[in-house]
Structure formats: structure tokens, C-alpha cells
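Chains as they are written, first to last, in my numbering: chain Z, 1 to 159; chain F, 160 to 335; chain C, 336 to 515; chain Y, 516 to 653. Beta carbons: idealized from backbone N, C-alpha and C, even for Gly.
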Amino acid sequence: MAQLSDAVLFEYLHIEIVGYIHRCADENEKDHCIAKLESLGFRVGQSLVERFTRESTRFKDELDTMKFICKDFWNSVYRKQIDNLRTNHQGVYVLQDNKFRFLTQISNGKQYMDVAPKFLAFPCGMIRGALANLGVNSVVTAEVSAMPACKFQIQIQRT
Amino acid sequence: MESEDEEELVSSDDNEKLCDRSDTAYVTNHLALPASCRILVRNGTCLYYTEWNRKTHLSMSKDEEFKLMYGMIFSIKSFVSRISPYDLKDGFLNFKTSKYKLHFYETPSGLKLVMNTDLTAGNIRDVLHQIYSNIYVEYIVKNPMCELGVPIKSELFKTKLDDYIRGLSVFPMKLS
Amino acid sequence: MSRQSSRAPDPRKVNGELFTLTYGALVAQLLKDYEDDDEVNRQLEKMGYNIGVRLIEDFLARSNVSRCNDFRETADQIAKVAFKMYLGVTPVVSNWSAAGDEFSLLIENNPLTDFVELPDGHTDLNYSNLLCGALKGAMEMVQMEVDVKFVQDQLKGDNITELRLKFIRRLEDAVPAGED
Amino acid sequence: MAVCVAVIAKENYPLFIKTIPTDNELKFYYTVHTSLDVVEEKISSVGKNTNDMRELYLGLLYPTEDYKVYGYVTNTKVKFVIIMESSNTNLRDNEIRSMFRKLHGAYSDMLCNPFYTPGENITSRSFEEVVLAMMQQD
Numbered sequence: 001m002a003q004l005s006d007a008v009l010f011e012y013l014h015i016e017i018v019g020y021i022h023r024c025a026d027e028n029e030k031d032h033c034i035a036k037l038e039s040l041g042f043r044v045g046q047s048l049v050e051r052f053t054r055e056s057t058r059f060k061d062e063l064d065t066m067k068f069i070c071k072d073f074w075n076s077v078y079r080k081q082i083d084n085l086r087t088n089h090q091g092v093y094v095l096q097d098n099k100f101r102f103l104t105q106i107s108n109g110k111q112y113m114d115v116a117p118k119f120l121a122f123p124c125g126m127i128r129g130a131l132a133n134l135g136v137n138s139v140v141t142a143e144v145s146a147m148p149a150c151k152f153q154i155q156i157q158r159t
Numbered sequence: 160m161e162s163e164d165e166e167e168l169v170s171s172d173d174n175e176k177l178c179d180r181s182d183t184a185y186v187t188n189h190l191a192l193p194a195s196c197r198i199l200v201r202n203g204t205c206l207y208y209t210e211w212n213r214k215t216h217l218s219m220s221k222d223e224e225f226k227l228m229y230g231m232i233f234s235i236k237s238f239v240s241r242i243s244p245y246d247l248k249d250g251f252l253n254f255k256t257s258k259y260k261l262h263f264y265e266t267p268s269g270l271k272l273v274m275n276t277d278l279t280a281g282n283i284r285d286v287l288h289q290i291y292s293n294i295y296v297e298y299i300v301k302n303p304m305c306e307l308g309v310p311i312k313s314e315l316f317k318t319k320l321d322d323y324i325r326g327l328s329v330f331p332m333k334l335s
Numbered sequence: 336m337s338r339q340s341s342r343a344p345d346p347r348k349v350n351g352e353l354f355t356l357t358y359g360a361l362v363a364q365l366l367k368d369y370e371d372d373d374e375v376n377r378q379l380e381k382m383g384y385n386i387g388v389r390l391i392e393d394f395l396a397r398s399n400v401s402r403c404n405d406f407r408e409t410a411d412q413i414a415k416v417a418f419k420m421y422l423g424v425t426p427v428v429s430n431w432s433a434a435g436d437e438f439s440l441l442i443e444n445n446p447l448t449d450f451v452e453l454p455d456g457h458t459d460l461n462y463s464n465l466l467c468g469a470l471k472g473a474m475e476m477v478q479m480e481v482d483v484k485f486v487q488d489q490l491k492g493d494n495i496t497e498l499r500l501k502f503i504r505r506l507e508d509a510v511p512a513g514e515d
Numbered sequence: 516m517a518v519c520v521a522v523i524a525k526e527n528y529p530l531f532i533k534t535i536p537t538d539n540e541l542k543f544y545y546t547v548h549t550s551l552d553v554v555e556e557k558i559s560s561v562g563k564n565t566n567d568m569r570e571l572y573l574g575l576l577y578p579t580e581d582y583k584v585y586g587y588v589t590n591t592k593v594k595f596v597i598i599m600e601s602s603n604t605n606l607r608d609n610e611i612r613s614m615f616r617k618l619h620g621a622y623s624d625m626l627c628n629p630f631y632t633p634g635e636n637i638t639s640r641s642f643e644e645v646v647l648a649m650m651q652q653d
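Dropping the structure here:
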């Protein structure tokens with residue numbers, strides 16, 4: 001699978017950022033690292049979505065926005081679409097990616113499972129940042145049971 | 160050509176072995192009826208060793224074998240370049256004994272791939288390049304959990320390498 | 336869903352922007368973490384180095400180039416192949432030293448600094464210092480020790496961005512144990 | 516050509532307002548402020564009309580005696596308002612639309628500056644240049 005070479009540069013940068021954030025933190029600051037990565041992703045998501053939606057018409061509703069994240073946003077960032085989108089119609093959306101790009105090179109199963117969260121914090125932040133800029137406040141978490149598949153759960157905050 | 164011909168080696172049940180030395184880096188594979196494959200890095204560390212049809216093993220430890228291998232490659236390389244009338248970019252490609260062929264591929268970054276095969280194998284430089292670019296780079300270099308220059312532990316890499324070798328048409332059904 | 340097509344931007348451009356934006360977020364974070372330009376420069380170089388040692392393998396795998404004969408050939412590979420491949424720009428190689436061991440890469444539009452407007456009071460910050468580290472790391476893996484630094488930077492008002500590379504020495508293979 | 520250009524945050528506070536040099540800046544501020552109600556109205560009317568294309572460009576918001584007020588809303592709910600002189604009669608809708616597109620482009624570049632905190636006042640030099648160019652054209 002040939003990838004764009006500049007896409008590769010982004011991947012290496014992401015790996016190094018994860019490494020950097022964890023290098024300069026203590027063992028007991030793991031949550032802090034995750035939060036930091038998440039906030040970096042948030043800022044990137046905010047900017048990206050502003051650019052991605054410049055040419056499109058206005059979104060109809062929340063579901064329309066979610067579909068945009070699953071299709072266009074995902075495709076632009078990860079070169080593929082989300083494989084499955086589910087919702088309970090009460091503000092929870094679950095996005096499943098069967099081959100999440102940041103995990104495909106790490107493992108095909110359970111090996112290195114413990115490190116998966118490190119590499120999902122930035123992507124979670126990107127989703128949250130993109131949605132926030134589109135006017136949808138949410139909490140985004142990720143769950144992995146066997147790499148490289150990954151589920152992102154988006155919980156809409158209505159206040 | 161059967162790998163049983165390699166009578167100077169001793170039999171083993173192990174299909175895959177990881178080298179545990181960390182001061183030498185290299186990997187070898189025997190191919191085309193590959194017997195083994197190993198990947199070494201510049202300082203001589205064996206990063207990875209695996210074998211397929213190799214039926215016999217030397218009466219020495221893997222450790223010693225890797226050391227010998229690196230020493231030999233180092234010597235051949237320097238000998239070959241010394242007697243060459245031109246500046247050799249690729250170094251040496253392979254050598255043959257009456258029983259097996261040893262193929263060598265080195266990247267400009269000093270990663271060395273060594274693969275032993277039976278005598279039927281032609282030029283498998285491309286195979287070695289593919290292992291480097293599609294498997295090593297893809298699943299080791301791009302895997303943040305794999306430190307470069309230390310023995311490879313990634314299961315994904317092992318699987319991909321094994322799948323690739325077994326999928327090669329040059330290898331008949333003999334790989335067990 | 337009549338508007339699908341209009342929402343799909345050029346993937347190449349997007350990937351470049353993704354990198355640029357992520358890098359920007361990182362630099363902004365580093366400035367918050369250290370509040371000292373020199374320390375941020377050091378961190379960026381270190382991170383660049385780590386990226387360089389991996390990226391070179393990707394580069395070699397993709398380009399299938401063999402070892403360079405001399406430093407001039409190396410300069411061309413960096414500018415015309417590597418920069419083009421990963422950053423989409425082709426710097427001009429110029430200002431060779433008499434000894435042929437030093438040259439400059441002149442970059443017209445550094446993609447790392449698209450969108451960037453430096454806040455006041457950061458005259459010592461080399462925003463794109465990651466590039467220095469990446470070049471150092473990559474070159475070291477092909478057995479060349481080089482020194483890389485920024486001489487000019489458009490971000491600071493210079494007419495061009497200039498990176499200076501100096502060849503230090505060639506690194507050799509380890510001699511096997513027990514042989515000299 | 517344009518006498519006032521304004522960028523309004525999604526929470527409806529101004530991020531940026533630039534007017535031509537005048538004694539009566541407040542008048543423009545007031546006009547911009549009033550126009551936001553019309554913007555909201557236009558946005559919320561979406562869906563009632565099946566022919567609605569949900570374009571970002573909202574067109575003419577309202578005319579006053581001396582001016583015409585145009586609006587645009589991004590998908591990120593940021594509003595742009597441009598005030599033109601009414602005397603400029605040969606103004607075509609497409610020209611206004613392309614001014615907004617240019618403004619949107621400049622805004623999203625500005626947002627991508629890593630040292631800008633979203634939601635803060637816009638102080639970017641290059642953004643201001645784009646706006647000034649719109650106000651100097653003839």
C-alpha cells in the first residue's frame with residue numbers, strides 16, 4: 001500500500017511527539033501526558049476543520065456533522081473512511097475503524113496493547129477539536145480490544 | 160533441490176529464532192528454498208534471525224554463529240572492495256558453496272540482510288530489497304514500539320516476513 | 336448528500352497541512368513548556384534527529400538510491416529528492432565552500448512556516464529547527480556526520496530561508512570483535 | 516469599496532472590525548451589531564425551504580439609506596459582515612461572494628497560526644492586509 005510520502009512525515013512527527021511528551025514526564029503523570037496530547041490534537045482539529053469545510057455548504061444537523069467526520073474528515077486525515085458509525089440517538093456516537101492508521105504498524109492483535117492509548121490521544125483530540133469548532137461540544141474516548149481496530153466514542157455535551 | 164542436502168547442518172524443530180545478542184545486529188534468511196534469513200545492523204548486532212527449511216545446525220551457539228557471520232561479511236566486504244578496480248557501491252551480492260548460496264544486501268544506512276538458500280536460487284536482490292522496504296521499514300521503522308538497532312520483538316514483523324517468504328513463487332510447497 | 340464531492344480536498348495538500356499544523360501545535364507547546372528559545376531549539380533539534388534516523392530508512396526504501404560518491408552528490412539528493420519527496424519543495428543548493436565540505440540550502444517557501452506569525456520577543460527561536468535535527472539524524476545513518484544550522488529565516492524577515500550544512504567526518508562500520 | 520469589514524465569533528462577540536477612517540465608527544459598529552439578528556434569522560430559516568442550498572454566503576442582509584450590508588457564515592458559525600456604500604450601483608453579487616471567499620480563506624489561514632488562540636481578537640498582520648485591500652479597491 002503506497003502512501004503519500006508527506007503523509008509519512010506526519011506519522012513520524014506524531015510518533016516523535018508522543019515520545020517527547022512521555023519522555024519529559026514521570027511514570028505517575030501518564031494521565032497528564034494523555035491530556036497534553038489530546039489538547040495538541042484539539043488545536044489541530046480546530047484548524048483543520050476550518051479548512052476542510054471552506055468549500056462545503058452549511059451542515060443540516062448533528063448527524064450531518066457526524067457523517068462529515070466519518071467520511072470527509074477521516075478520509076482527508078487517514079486516507080480511509082470510518083468502517084461503522086452507530087448512535088443511540090441520545091448523544092452517543094461510536095465510530096469504528098477496523099484498521100486505524102496509527103495502529104496498523106504497531107501490532108496485529110494483543111502485542112503492545114498497553115501502549116495503544118498513547119497513540120490514540122492525539123486523534124481523539126482532533127475529533128473533539130473539529131467538532132467543537134463546528135459547534136458540537138463533546139467528550140471523545142477511544143477503545144481497543146485488538147489492534148489495529150479501534151472504536152472512538154463521542155459523547156455529546158449538551159449544556 | 161532439497162534442503163536436506165545441507166548435510167553439514169544439524170536438525171532442529173525450531174522454525175524461528177530470535178537472536179538475543181544485542182551487540183551485533185543482523186538478520187539472515189535462507190531463501191529460494193530459503194533456509195534462513197537474518198538482519199544485521201552496522202555495529203554487528205543481529206536484529207532478527209529466522210529459518211525455514213534449515214534441517215541442520217552447527218554445533219555452536221547461535222551467538223557464535225552470528226559473530227562469525229558478521230566477521231565473515233565484514234572481511235568479504237573489505238576484501239571485495241580492495242581488489243575491485245572501481246568504487247563498489249553495492250559490495251558483494253552472494254557466494255556459493257557446493258551446498259548452499261549466501262545472498263547479501265546492504266542498504267546505505269548499513270542494514271545488512273543475509274539470506275541462505277539452496278543452489279537453485281537466482282538473483283534474489285529484489286526479494287531482499289522488498290523485505291527491507293516493505294517489511295522492515297513498514298513494520299519496524301514505522302513502529303514506535305520498535306527501537307532501531309536492537310533485536311526485533313514485533314510479532315507483526317515476524318508474521319509479515321513469514322507470509323512474504325511463504326508467498327514467493329520460487330518456494331514450492333516445501334516450507335513447513 | 337449532494338455535496339459530498341465538494342468536501343473532499345486535495346489529499347496531498349491536506350497531508351502537508353496536517354503536518355504543518357501538527358508541527359505548529361508542537362512548537363507552541365514547547366514554548367509554553369520551556370519559555371526559553373534556546374531550549375526550544377534544542378528540543379526541536381533532538382526530536383528532528385529522532386525523526387531523521389527513521390525517515391532515512393523510509394527514504395532509502397522509496398528512492399532505492401545507492402550510496403553517494405561525494406558530498407556534492409549528497410547535497411543534490413537532499414535538495415532534489417528528499418525535500419521534494421517529503422516537503423514538496425526543492426531548495427537551491429548554493430554557496431559551496433572552497434573545500435567542498437560546506438553548502439547552503441536556500442528555501443523559498445518553507446512549508447513548516449505556512450500560516451505562522453511569530454509572536455514578539457522570540458528573536459532567538461529557530462522555528463523550523465526540526466529540519467536541522469532531521470538532516471543530522473538522517474545523514475548520520477548513512478555514515479556522515481554533519482553540522483546543520485539556520486543562517487537566514489524568512490519568518491524573521493530575511494529574504495530567504497538558508498540552512499547551512501557542514502561535513503564533519505565519515506563514520507565507519509564497527510570492526511568485528513577480535514579483529515583490528 | 517467596502518467601508519467596514521467585521522468578523523464575529525460564534526458566541527456573537529466581535530473578533531475583528533475594520534472601518535474606513537471616519538468620525539462615525541460607532542455607526543458602523545451598530546450596523547454590524549444589528550445585522551447579526553438578520554444573520555441568525557437567515558440561518559434558522561434553513562430547512563423550511565426545500566430549495567435552500569445552505570450556501571455559506573447569505574447575500575444582502577439589509578440595505579440602509581447609504582449602505583448595503585452583506586453577510587456570510589462559516590460552518591464553524593463564525594460570521595463575516597461586509598458593509599458597502601449604496602452609491603456603488605454596479606456591484607454584482609458574484610463580486611461580493613468572492614470577497615467573502617477571500618475573507619474566509621484569510622480567516623482560516625489566520626486560525627492556523629499556531630500562536631493564535633481561537634476566540635481571541637484577531638491581530639494578524641496578513642489578515643489585516645487582506646481586509647485593507649478590500650477597503651481600498653475601486
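Original post:
Which whole-angstrom value is the C-beta distance of residue 204/F and residue 308/F, which I expect to be below 8 angstroms?
Top reply: Contact annotation, residue 204/F with residue 308/F: C-beta distance approximately 6 angstroms; criterion of less than 8 angstroms satisfied.
Original post:
With 9 angstroms set as the bound, which would you pick, yes or no: does the beta-carbon of residue 44/Z sit closer than that to a beta-carbon of chain C?
Top reply: It does: the Cβ of residue 44/Z has a partner Cβ on chain C nearer than 9 angstroms.
Original post:
For residue 497/C, which of helix, strand or coil comes out of DSSP?
Top reply: Assignment of residue 497/C by DSSP, reduced to helix, strand and coil, places it in the strand class.
**OP:** Could you tell me which of 459/C, 413/C, 350/C sits nearest to residue 366/C, measuring between CA atoms?
**Re:** Residue 459/C is the option with its Cα nearest to residue 366/C.
Original post:
Residues of chain C with a CB under 7 angstroms from the CB of residue 628/Y: which are they?
Top reply: From the beta-carbon of residue 628/Y, the residues of chain C found nearer than 7 angstroms are 450, 451, 452.
Subject >> Of the residues 28/Z, 41/Z, 17/Z, 47/Z, the one placed nearest residue 667/Y, counting alpha carbons only >> reply: Outside the shown range of chain Y, which is 516 to 653, sits residue 667/Y, and nothing can be said about it.
Original post:
According to a CB-to-CB cut-off of less than 8 angstroms, which residues of the region 131 to 150 of chain Z neighbour chain Y?
Top reply: Hits within the stretch, in order: 133, 134, 135.
**OP:** Evaluate residue 184/F with the Cβ neighbour count: other Cβ atoms within 10 Å of its Cβ, from every protein chain shown; 16 or more gives buried, anything less gives exposed.
**Re:** With a pLDDT of 37 at residue 184/F, under the threshold of 50, the predicted position of this residue should be treated as unreliable, and no value is reported.
**OP:** Measure the alpha-carbon distance for residue 132/Z versus residue 126/Z and round it to whole angstroms.
**Re:** Within the model, the alpha-carbon separation for residue 132/Z versus residue 126/Z is close to 10 angstroms.
Subject >> Member of 120/Z, 65/Z, 100/Z, 148/Z whose CA lies at the smallest distance from the CA of residue 141/Z >> reply: The candidate whose alpha carbon is nearest that of residue 141/Z is 120/Z.
Original post:
Counting contacts by CB-CB distance shorter than 9 angstroms, is residue 458/C in contact with chain Y?
Top reply: No, its Cβ sits nowhere closer than 9 angstroms to a Cβ of chain Y.
**OP:** Taking the CB atoms as reference points, tell me whether residue 274/F and residue 262/F lie closer together than 9 angstroms.
**Re:** Taking 9 angstroms as the Cβ cut-off, residue 274/F and residue 262/F qualify as a contacting pair.
Original post:
Within 9 angstroms (strictly less), CB to CB, does residue 358/C reach chain Z?
Top reply: Judged by the 9 angstroms Cβ criterion, residue 358/C is in contact with chain Z.
**OP:** Pick out the complete alpha helix (DSSP H) segments inside the region 389 to 456 of chain C, 4 residues or longer, and give them in chain order.
**Re:** Those alpha helix (DSSP H) runs which fall completely within the region 389 to 456 of chain C and span 4+ residues are 406 to 411, 419 to 422.
**OP:** Return the chain-ordered list of same chain residues with a C-beta closer than 8 angstroms to the C-beta of residue 495/C, the five sequence neighbours on each side being excluded.
**Re:** Here residue 495/C has 441, 442, 443, 487, 489 as same chain residues with Cβ atoms under 8 angstroms from its own Cβ, once five neighbours each way along the sequence are excluded.
Original post:
Hey, does residue 49/Z have any beta-carbon neighbour from chain Y nearer than 9 angstroms?
Top reply: It does: the Cβ of residue 49/Z has a partner Cβ on chain Y nearer than 9 angstroms.
Subject >> C-beta contact flag for residue 9/Z and residue 21/Z at 9 angstroms >> reply: Result no, Cβ atoms of residue 9/Z and residue 21/Z do not sit closer than 9 angstroms.
Original post:
With respect to the beta strand (DSSP E) encompassing residue 262/F, which residues constitute its N-terminal and C-terminal limits?
Top reply: Unbroken beta strand (DSSP E) run through residue 262/F: 260 to 265.
Original post:
Using the beta-carbon count (16 or more within 10 Å), is residue 160/Z buried or exposed?
Top reply: What the structure shows of chain Z is the stretch from 1 to 159, and residue 160/Z is not part of that stretch, so it cannot be assessed.
Original post:
Name the chain C residues whose beta carbon is nearer than 9 angstroms to that of residue 267/F?
Top reply: Residues of chain C passing the Cβ test: 391, 395, 400, 401, 402, 403, 476, 477, 478.
Original post:
Using DSSP with H/G/I as helix, E/B as strand and the rest coil, what is residue 254/F?
Top reply: Collapsing the DSSP output to three states places residue 254/F in a strand.
Original post:
Using 9 angstroms as the limit for Cβ to Cβ distance, is residue 288/F near chain C?
Top reply: Judged by the 9 angstroms Cβ criterion, residue 288/F is in contact with chain C.
Subject >> Contact check, residue 383/C vs residue 498/C, beta carbons under 9 angstroms >> reply: Remark: C-beta atoms of residue 383/C and residue 498/C do not approach each other more closely than 9 angstroms.
Original post:
Hey, is residue 556/Y's beta-carbon within less than 9 angstroms of any beta-carbon in chain Z?
Top reply: No - not a single Cβ of chain Z is within 9 angstroms of the one on residue 556/Y.
Original post:
Can you list the residues of chain F that residue 155/Z reaches, using a CB-CB cut of under 8 angstroms?
Top reply: Near residue 155/Z there are no residues of chain F at all, since even the closest Cβ is about 28 angstroms away, more than 8 angstroms.
**OP:** In the DSSP assignment, find the alpha helix (DSSP H) that holds residue 609/Y and state where it starts and stops.
**Re:** Looking at the DSSP string, the run of the alpha helix (DSSP H) that includes residue 609/Y is 608 to 626.
**OP:** Would you identify the three-state DSSP class for residue 531/Y, choosing helix, strand or coil?
**Re:** In the displayed model, residue 531/Y falls within a strand according to three-state DSSP.
Subject >> Best match in 479/C, 377/C, 451/C for proximity to residue 388/C [C-alpha to C-alpha] >> reply: It is 479/C.
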